[in-house]
Every structure is written in C-alpha cells, then in structure tokens.
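J.:
Residue numbers (our numbering): 3 to 71.
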C-alpha cells in the first residue's frame, strides 16, 4: 500500500506503523493529492477485498509543542 501511494504526485512519503497489531498506513501528502490517494487506496486495496474504506484525513497545524496539564 505504501509503495502504491508513493507513486502519486504530491505524496512526500508513506509508511506502515504497528502492523503487528493491525497497523495503519501514514501518508504525508499535499492537500491537492488527497483525492488521488483516496481513489488509489479504494481501487487497489479496499475494493478488491470488498472492505469499506477506513481512511482518516488529518491536517498538520503550526504551533506544535509540549502540552502542559
């Protein structure tokens, strides 16, 4: 899956994390590449396996830092 989406223009990188417990695929992409990523994952992974897409889009924001509780 990571190799499939890395070929899309606008995708800076992708990696699988936590695959031993089910895992997830993290993709860093420009906003204008999100639709292409979603389409490719649905076409080559979710569709052939008759699975509902489990895609969560997140946006990075400025100002990340330590949280105080």
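Even for Gly, the Cβ is constructed at its ideal location relative to N, Cα and C.
#1: Between which residues of its own chain and residue 55 is the CB-CB distance below 8 Å, once the five residues before and five after are set aside?
#2: Please report how far the alpha carbon of residue 53 lies from the alpha carbon of residue 24, in whole angstroms.
#3: Rounded to a whole number of angstroms, what is the C-alpha to C-alpha distance between residue 34 and residue 22?
#4: Buried or exposed: residue 13, going by 16 or more other Cβ atoms within 10 Å of its Cβ?
#5: Could you tell me which of 69, 50 and 37 sits nearest to residue 58, measuring between CA atoms?
T.: This is what the structure holds:
#1: 40, 43, 44 and 48
#2: 15 Å
#3: 31 Å
#4: buried
#5: 37
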